[in-house]
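Enquirer: Structure provided below as structure tokens; questions to follow.
2 protein chains.
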Amino acid sequence: MGIFSKTCEYAIRSVFFIAHRTENGSRVGIKEIATGISSPEHFLAKILQDLSKKGIVKSVKGPHGGFYMDESTLQRPLADVVEAIDGNGLFTGCGLGLVSCSESKPCPLHNEFKVIRKNIHEMLLKTTIKEFNGDLNLGVTNLKK
Amino acid sequence: MGIFSKTCEYAIRSVFFIAHRTENGSRVGIKEIATGISSPEHFLAKILQDLSKKGIVKSVKGPHGGFYMDESTLQRPLADVVEAIDGNGLFTGCGLGLVSCSESKPCPLHNEFKVIRKNIHEMLLKTTIKEFNGDLNLGVTNLKK
DNA sequence: TAAATAAAAGACAAAAAACTCTTTTATTAT
DNA sequence: ATAATAAAAGAGTTTTTTGTCTTTTATTTA
Chain A
1272 MGIFSKTCEY AIRSVFFIAH RTENGSRVGI KEIATGISSP EHFLAKILQD
1322 LSKKGIVKSV KGPHGGFYMD ESTLQRPLAD VVEAIDGNGL FTGCGLGLVS
1372 CSESKPCPLH NEFKVIRKNI HEMLLKTTIK EFNGDLNLGV TNLKK
Chain B
1272 MGIFSKTCEY AIRSVFFIAH RTENGSRVGI KEIATGISSP EHFLAKILQD
1322 LSKKGIVKSV KGPHGGFYMD ESTLQRPLAD VVEAIDGNGL FTGCGLGLVS
1372 CSESKPCPLH NEFKVIRKNI HEMLLKTTIK EFNGDLNLGV TNLKK
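What follows is the structure, given as structure tokens:
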């Protein structure tokens, strides 16, 4: 198990890829994205449909169509992508899976996990989708399996 | 999705429960544990069999049998329980699921996740299984759903 | 306006995780 | 020794997640 679901991992990698690949204002097709991030094409298609409905990515059908992102979306925090796919359980849920866990009825690890969750949330809130373009362009970072 | 698998959540809650419930040197049966942590009894049985094989809990069959933990195990860090069930992927794996992710071929979030993973690992290494007994005895903390 | 293109949508299939039920084995107390 | 007890083990089922394949819809270019 990772921190994110597989679906969410693909979602994050795909928005990084789309952001990087369409910096010049172009669009990129599902096949190229799937290859670029080592994901199953049709599974990724579902994820992008979902992200599209939620306004994270844009798409156009037909010749020279494909996926892209507008400038305001590129500046959104990564937390928005995670929340769109995995929900906010990672930021708010109990580390031990207790639905009733709260300040007044805490699990034993309540305070410890509060810190962890805060770390994760803050990290994802302060990172924007587009800020990784530079390193991807330079080939310093990688999105393939 | 939580940080841990459901199996691991039950494992942690059960070791907390056993530690707390057998402080006086007694043993506690699977039914009482399952009730005490709101888990499916037979599913938990499998988990405890696994923890038993790995030396995290001890068990004796027959009348007045049940589960308990010896003093040295009670002082082990929670990280040992997590690693026994979920493995060390949480501490070492790539946040974006890339098997080839490394210092020389990092994913875009490599450094960010290094911090997160370190936080989680250190927290689980410095907490011992038995240190939560006090609050459980006082009824301050809770293990039930 | 017709053909080509590419995403959207729908319907499955496989694998993994979570959960259940029954039988067996070991231990203890009578 | 025997019966009662309780964990161990085995053999499933269900649900969720992940992945595949096909058909439909929208757009563009010729």
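So the sequences go chain by chain: A and B.
Per the numbering used here, the very first residue in the first sequence carries number 1272; after that it's consecutive.
Per the numbering used here, the very first residue in the second sequence carries number 1272; after that it's consecutive.
Glycine is no exception: its CB is placed at the ideal position from the N, C-alpha and C atoms.
1. Which runs of the alpha helix (DSSP H) fall wholly inside the stretch 1310-1380 of chain B and span at least 4 residues, in chain order?
2. Does the structure place the stretch 1364-1379 of chain B close enough to the stretch 1359-1377 of chain A that three or more beta carbon pairs sit under 8 Å?
3. Would you call the CB atoms of B:PHE1314 and B:TYR1339 closer than 9 Å?
4. Taking A:MET1394 as the query, report the chain B residues whose CB atoms sit under 8 Å from its CB, ordered along the chain.
5. Would A:THR1344 count as contacting chain B if we go by Cβ distances under 9 Å?
6. Just by C-beta distance, which residues in the stretch 1276-1309 of chain A are closer than 7 Å to chain B?
7. Got a sec, what are the start and stop residues for the alpha helix (DSSP H) A:GLU1303 sits in?
8. Ordered along the chain, which non-local residues of its own chain (more than five positions away) have a Cβ less than 6 Å from that of B:LEU1349?
9. Quick one: give me the first and last residue of the alpha helix (DSSP H) that A:THR1278 is part of.
10. Is the beta carbon of B:ILE1274 sitting closer than 9 Å to the one on B:LEU1322?
11. Take A:HIS1291 and list the residues in its own chain whose beta-carbon comes closer than 6 Å to its own, dropping the five residues that flank it on each side.
12. So with Cβ pairs under 9 Å, would you call B:PHE1436 a contact of chain A?
13. Please say whether A:ILE1301 and A:GLY1337 have beta carbons closer to each other than 9 Å?
14. Bridge partners of A:THR1412, per DSSP?
15. Of all Cβ atoms in chain A, is any one closer than 9 Å to the Cβ of B:SER1317?
Expert: Reading off the structure:
1. 1312-1324, 1342-1345, 1349-1357 and 1360-1363
2. no
3. no
4. GLU1383, VAL1386 and ILE1387
5. no
6. SER1276, LYS1277, GLU1280, ILE1283, ARG1284 and PHE1287
7. 1301-1307
8. Cβ within range, chain order: LEU1395 and THR1398.
9. 1277-1292
10. no
11. ASN1404 and LEU1407
12. One cannot answer for residue 1436 of chain B here, as it falls past the ends of chain B, which runs 1272 to 1416.
13. Yes. Within cutoff.
14. In the DSSP output, where bridge partners are listed per residue, A:THR1412 has none listed.
15. With the sequence shown as reference, residue 1317 of chain B is identified as Lys, and Ser is not the correct amino acid for it. Answer no: the Cβ-Cβ gap between B:LYS1317 and chain A never drops below 9 Å.
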